[in-house]
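Position one of the sequence shown corresponds to residue 12 (our numbering), numbered consecutively onward. In this text, a Cβ means the ideal position worked out from N, Cα and C, and glycines have one as well. Predicted model, so just to flag it, every value in this text is computed and none were measured. Below: one structure, written as structure tokens.
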Amino acid sequence: MENVKVVKGDITKCEVDAIVNAANTSLLGGGGVDGAIHRTAGPQLLEACKKLNGCSTGDAKITGGFNLPARYVIHTVGPVWRGGNNGEEDLLKSAYQRSLEVAEEGSLDKVAFPNISTGIYGFPKEKAAKIAISIVKEFMSKHKYPSEVIFVCFDDDNYLLYQRQLEK
Ligand code: AR6
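Below, the structure is given as structure tokens:
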């Protein structure tokens, strides 16, 4: 599908309508992609996040992008991988689904996703890639927005997995 793309790189450099942040339930910043997004966006992002009163795992909330090239940040919280029998797959699906719904509600056209939960949260990468791609394709087949989704992979493993999965 040509409106679903994969690139290797840093999501904080993406000039899109919204980038998705793999945050934690506090929404007050952290390491990984969350840390990079807050560093680039500047302190106004933290101020905006403080007003959101956190976010449940599997949910998503939106702020402005401040100093980022992206107009908005959709903050979602993926699950911590605890062996796979604690609802992790459904929670990851929900994190993608809710992020897409928030984009759709804002009529946001071009959205970039990081590989949610596959860093510090330890979700198996191949399983996560299959979930991400299937949820995104299904959502896009039913909705006008977003009309373009970019999977921004930071590590080689994820980049190769997404390339392989998207070729199918
Ligand atoms: N651009 C794109 N992807 C990135 C970047 C970047 N600049 N930096 C890292 N990644 P992680 P999680 C990739 O750990 O597993 C934070 O502390 C990384 O290679 O950022 O959902 C939050 O506050 C990996 O593939 O997020 C939470 O506490 C992917 O982003 C916790 O980490 C996700 O890795 C969330 O853990």
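In angstroms with no decimal places, state the Cα-to-Cα distance between residue i and residue j.
i: Asp28; j: Ile73; result: 12 Å
i: Gly53; j: Pro80; result: 12 Å
i: Gly20; j: Asp168; result: 13 Å
i: Trp92; j: Gly133; result: 5 Å
i: Gly130; j: Ser105; result: 18 Å
i: Leu103; j: Gln174; result: 20 Å
i: Glu137; j: Ser110; result: 20 Å
i: Ile161; j: Pro125; result: 9 Å
i: Glu112; j: Gly94; result: 28 Å
i: Ser145; j: Leu119; result: 20 Å
i: Cys60; j: Gly117; result: 18 Å
Can you tell me which of the three DSSP states residue i falls into?
i: Phe150; result: helix
i: Lys62; result: coil
i: Thr23; result: helix
i: Ala161; result: Per the sequence shown, residue 161 should be read as Ile rather than Ala. Strand, per DSSP.
i: Ala34; result: coil
i: Lys155; result: coil
i: Ala29; result: strand
Looking at the secondary structure, which residues open and close the alpha helix (DSSP H) in which residue i lies?
i: Ile48; result: 43-52
i: Asn169; result: 167-178
i: Val211; result: Residue 211 cannot be examined here, being either before or after the span of the chain that is shown, 12 to 179.
i: Ser110; result: 99-116
Taking residue i as part of the beta strand (DSSP E), name the residues at either end of that continuous run.
i: Ala123; result: 121-124
i: Lys72; result: 71-75
Original post:
If you pair each beta-carbon of the segment 147-157 with each one of the segment 52-66, do three or more pairs fall below 8 Å?
Top reply: no
Original post:
Whose beta carbon lies closer than 6 Å to any heavy atom of the ligand AR6, going through the chain in order?
Top reply: Asp21, Ile22, Thr23, Ala33, Ala34, Asn35, Gly41, Gly42, Gly43, Val44, Asp45, Ala47, Gly89, Pro125, Asn126, Ile127, Ser128, Thr129, Gly130, Ile131, Tyr132, Val163, Phe165, Asp166, Asn169
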